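So the sequence shown is numbered by the UniProt record's numbering: it starts at 1 and just counts up by one.
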Amino acid sequence: MSADSGPGPGPGPGLDPEPGPGICARRVVIVTGGGRGLGRAHARAYAAEGARVVVNDLGAGLDGSGASGDPAQGVVEEIRAAGGEAIAHYGDIATPDGAASLVTTALETYGRLDTLVNNAGFLRDRMLVNLDEDDWDAVVRVHLKGHFLPLKHAAAHWRTECKAGREPRACVVNTSSGAGLSGSVGQGNYSAAKAAILGLTLVASAELAAYGVRVNAIAPAARTRMTERTFADTMAAPVDGGFDAMAPENVSPLVVWLGSEASAGVTGRVFEAEAGRITVMEGWRPGPSADKGARWGAAEAGEAALKLLSRAEPPQPVYGAR
Ligand SMILES: NC(=O)c1ccc[n+]([C@@H]2O[C@H](COP(=O)([O-])OP(=O)(O)OC[C@H]3O[C@@H](n4cnc5c(N)ncnc54)[C@H](O)[C@@H]3O)[C@@H](O)[C@H]2O)c1
């Protein structure tokens, strides 16, 4: 499937956006997987802050199978009904054509691209001994390649803009997971892909700074079709009408800020976002260390390692570990 070919209401190629209300006024924002769950909430939140949004969604099933234009088109209609600007893109972001046409859709429709939110994905949970190669490949592909390809095409555009003297003030928000930060039992494929996205975020942040591009990542938690059954108790909406802590809309304000010029100076960072809580995650850094100044013997290395471990912080527990 290809991009929605409807005419875009933007200012057209080469023209600067008009200022308007909201912290993303007139910015052009791509949200992958924007047809459902967290992506839908992000797309609507960006539009509410004045952004023009390219809502990408393949309309895949829970395990990544199938395709439908309805989710992306539905969110575009919701945004337009609320007075915002949006266009749908139905491609698979983990393919070169899908990723390239996504960026082209933003440029041809609105004449610019300011923010890329990499969010699309699906799960195929299995314990490692039962994890088929297909399930490994599909999940690593959609999350990791599905981040890399849109990032590569967007970054190539921003580099061209920078070289032409129009320094972008561009942002990328990647989507990792607690599974990528701490590991999650039954999610070896997903945890590996989500951890790799953190490495990609750090490299992209360092490489693209010269072109005026900032790159951050979030690890969200919210009630979507991905989580509503497995974590039914913790994800349930309150019956008394109180704060719906696990609503995906609670994650979006941070994502919108990270995708706006208001977060200038913030790059290469990872945030957990869930309910009313935002947490800066602090990553791998050297802990206790010993240097013999020569090669250790194996038993001696083990003795030294145990001493260091006794002084080290214990690791975060793996989700679902007994
Ligand atoms: N829900 C949570 O608690 C949670 C926790 C941690 C991380 N995440 C991550 O947040 C992101 C969004 O998840 P969600 O919970 O909203 O899930 P969701 O299933 O509600 O939405 C994901 C969307 O991505 C789309 N998609 C799948 N493959 C695609 C492809 N190849 N190209 C384009 N679109 C595709 C699907 O059609 C779907 O609409 C995912 O990356 C997920 O791993 C979610």
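Each residue gets a CB set at the ideal place from its N, CA and C atoms; glycine is no exception.
It should be emphasised that the depicted structure is a prediction, and the values quoted were computed from it without experimental measurement.
Check, Outcome
"Going residue by residue through the region 198-278, where are the continuous alpha helix (DSSP H) segments of at least 4 residues, counting only ones entirely within it?", "232-235, 252-258"
"Our contact map puts residue 177 next to residue 138 with C-beta atoms below 8 Å; I'd like the distance itself, whole angstroms only.", "With a Cβ gap of about 16 Å, residue 177 and residue 138 do not count as contacting."
"Could you spell out where the beta strand (DSSP E) holding residue 89 opens and where it closes?", "85-89"
"Alpha carbon to alpha carbon, how far is residue 33 from residue 203?", "23 Å"
"Can you tell me the Cα-Cα spacing of residue 22 and residue 264, whole angstroms?", "16 Å"
"When you measure from the CB of residue 38 to every non-hydrogen atom of ligand 1, does any distance come out below 7 Å?", "yes"
"Contact between the region 41-55 and the region 242-260 is defined here as three or more beta-carbon pairs at a separation below 8 Å; is this criterion met?", "yes"
"With three or more C-beta pairs closer than 8 Å as the rule, is the region 177-195 touching the region 203-212?", "no"
"Confirm, please, whether the CB-CB distance from residue 113 to residue 107 is below 8 Å.", "yes"
"Pair every Cβ in the region 247-256 with every Cβ in the region 269-282, then say whether three or more of these pairs are closer than 8 Å.", "yes"
"How is residue 368 classed by DSSP in three states: helix, strand or coil?", "Residue 368 lies beyond the stretch modelled for the chain, which goes from 1 to 322, so this question has no answer here."
"Less than 8 Å between the C-beta atoms of residue 50 and residue 80, yes or no?", "no"
"Roughly how many whole angstroms lie between the Cα atoms of residue 169 and residue 30?", "15 Å"
"To the nearest angstrom, how far is it from the Cα of residue 54 to the Cα of residue 270?", "24 Å"
"Taking only the alpha-carbon atoms, compute the straight-line gap between residue 72 and residue 87 and give it to the nearest angstrom.", "9 Å"
"Starting from residue 116, follow the beta strand (DSSP E) in both directions and report where the run begins and ends.", "115-117"
"Compute the beta-carbon to beta-carbon distance between residue 173 and residue 151, rounded to the nearest angstrom, for a pair I have assumed lies under 8 Å.", "At roughly 11 Å, the Cβ-Cβ gap does not stay under 8 Å, so residue 173 and residue 151 are not in contact."
"One question on the structure: do residue 287 and residue 312 come within less than 8 Å of each other, judged by their Cβ atoms?", "yes"
"Below 6 Å CB to CB, which residues in the same chain sit around residue 125 once its five sequence neighbours on both sides are set aside?", "186, 187"
"Over what stretch of residues does the alpha helix (DSSP H) that includes residue 171 continue unbroken?", "Run containing residue 171: none in the alpha helix (DSSP H); it sits in the beta strand (DSSP E), 170-175."
"Quick check on residue 73: does DSSP put it in helix, strand or coil?", "helix"
"Within this structure, are the beta carbons of residue 119 and residue 38 separated by less than 8 Å?", "yes"
"Kindly examine ligand 1 and report whether one of its heavy atoms sits closer than 7 Å to the Cβ of residue 106.", "no"
"In angstroms with no decimal places, state the Cα-to-Cα distance between residue 237 and residue 301.", "52 Å"
"Considering only their Cβ atoms, is the gap separating residue 200 from residue 180 smaller than 8 Å?", "no"
"Can you find the residues in the same chain that come closer than 7 Å, C-beta to C-beta, to residue 195, ignoring five residues on each side of it along the sequence?", "180"
"For residue 242, does the count of other Cβ atoms within 10 angstroms reach 16, so buried, or fall short, so exposed?", "exposed"
"What residue range is occupied by the uninterrupted alpha helix (DSSP H) comprising residue 103?", "96-110"
"Determine, using beta carbons only, whether residue 100 and residue 153 come nearer to each other than 8 Å.", "yes"
"Tell me whether residue 216 counts as near ligand 1, meaning its Cβ is closer than 7 Å to at least one heavy atom of that ligand.", "no"
"Does residue 324 pass the burial test, meaning 16 or more other C-beta atoms within 10 Å, or should it be called exposed?", "Limits of the chain in this structure are 1 at one end and 322 at the other, which puts residue 324 out of reach."
"Between residue 155 and residue 307, what straight-line distance do the alpha-carbon atoms span, to the nearest angstrom?", "45 Å"
"Any idea what DSSP makes of residue 79, helix, strand or coil?", "helix"
"Bridge partners of residue 319, per DSSP?", "184"
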